[in-house]
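Undergrad: Numbering (UniProt numbering), first residue to last: 1 to 182.
No residue lacks a Cβ here, since even glycine has one placed at the ideal position from N, Cα and C.
Structure in structure tokens, see below.
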Amino acid sequence: MAGSSLFSPAPYHIISYGTLLGTTFFHTFIGGIVSFQVLARPQFSILMTKIFPIYFSMQTALPAVLALTYPASRWGGRGLAGISGVLDPSNRWTVLVPIATIFATGLANLAVVGPATTQCMDERKVQERKDGKKSYDSPPHSQEMTALNKKFSILHGVSSLLNVVSFVATVAYGFTLASRLE
Numbered sequence: 001m002a003g004s005s006l007f008s009p010a011p012y013h014i015i016s017y018g019t020l021l022g023t024t025f026f027h028t029f030i031g032g033i034v035s036f037q038v039l040a041r042p043q044f045s046i047l048m049t050k051i052f053p054i055y056f057s058m059q060t061a062l063p064a065v066l067a068l069t070y071p072a073s074r075w076g077g078r079g080l081a082g083i084s085g086v087l088d089p090s091n092r093w094t095v096l097v098p099i100a101t102i103f104a105t106g107l108a109n110l111a112v113v114g115p116a117t118t119q120c121m122d123e124r125k126v127q128e129r130k131d132g133k134k135s136y137d138s139p140p141h142s143q144e145m146t147a148l149n150k151k152f153s154i155l156h157g158v159s160s161l162l163n164v165v166s167f168v169a170t171v172a173y174g175f176t177l178a179s180r181l182e
């Protein structure tokens, strides 16, 4: 590694992108699925409650790092780096929209949907003690548990959708990044 590359934003940009893509891919398609398959529901819930804040923080912070380290082009064009390059009108759809989408979906999961889902899970635990029956046991359930299960399903669906949108935006940005290497 050349001494000057240590001070270039480009390696940090690539490393941040790789970390974001790898983390999102692994959690979405491998780690979460395998954990659900091999852990009992209570342990799975505990694991995800601990992992999700870290995961969503990464999905929020890494796009900010991508924006800050956006490298200037060596092959012509405007050659703007950092936030200026991300905000340049020529990069609106290929850089700004994907990075902003990744940031917004991560932030929504971190600040709104994730905490609401965790709160709903806590409410279901309280209701389970009242009902003497687990939320995931076969129906019938009390009206309260039925409502909580519906709320949880909606929140989980919204969180999953945000996560998939984040993954798609990350892959889309990867194509933009790759086109700069040609």
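1. Looking only at its own chain, which residues have a Cβ that is under 6 Å from the Cβ of H27, when we skip the five neighbours before and after it?
2. Run the CB neighbour count on I99, radius 10 Å, all protein chains shown included, and call it buried at 16 or more, exposed below.
3. Here's the rule: buried if 16 or more other CB atoms are within 10 angstroms of the residue's CB, otherwise exposed. What is W75?
4. Please report the straight-line C-alpha distance between M48 and P89, rounded to a whole angstrom.
5. Below 8 Å on the Cβ atoms is my guess for D122 versus M145; work out the distance and round it to an integer in Å.
6. Please state whether DSSP places G174 in a helix, a strand or coil.
7. Based on Cα-Cα distance, which residue from F7, T60, A40 lies nearest to L20?
8. With a 10 Å radius around its C-beta and 16 neighbouring C-beta atoms as the bar for buried, classify Q127 as buried or exposed.
9. Sort K50, I30, L181 by Cα distance to T117 and report the nearest one.
10. Quick one: using the 10 Å Cβ neighbour count with 16 as the cut-off for buried, is P71 buried or exposed?
TA: The short version:
1. Y55
2. buried
3. Since pLDDT at W75 reaches only 49, below the 50 mark, its modelled position is unreliable, and no value is offered.
4. 39 Å
5. Incorrect: roughly 13 Å between the Cβ atoms, too far for contact.
6. helix
7. T60
8. Buried: at least 16 other Cβ atoms inside 10 Å.
9. Among K50, I30, L181, the Cα nearest to that of T117 belongs to K50.
10. buried
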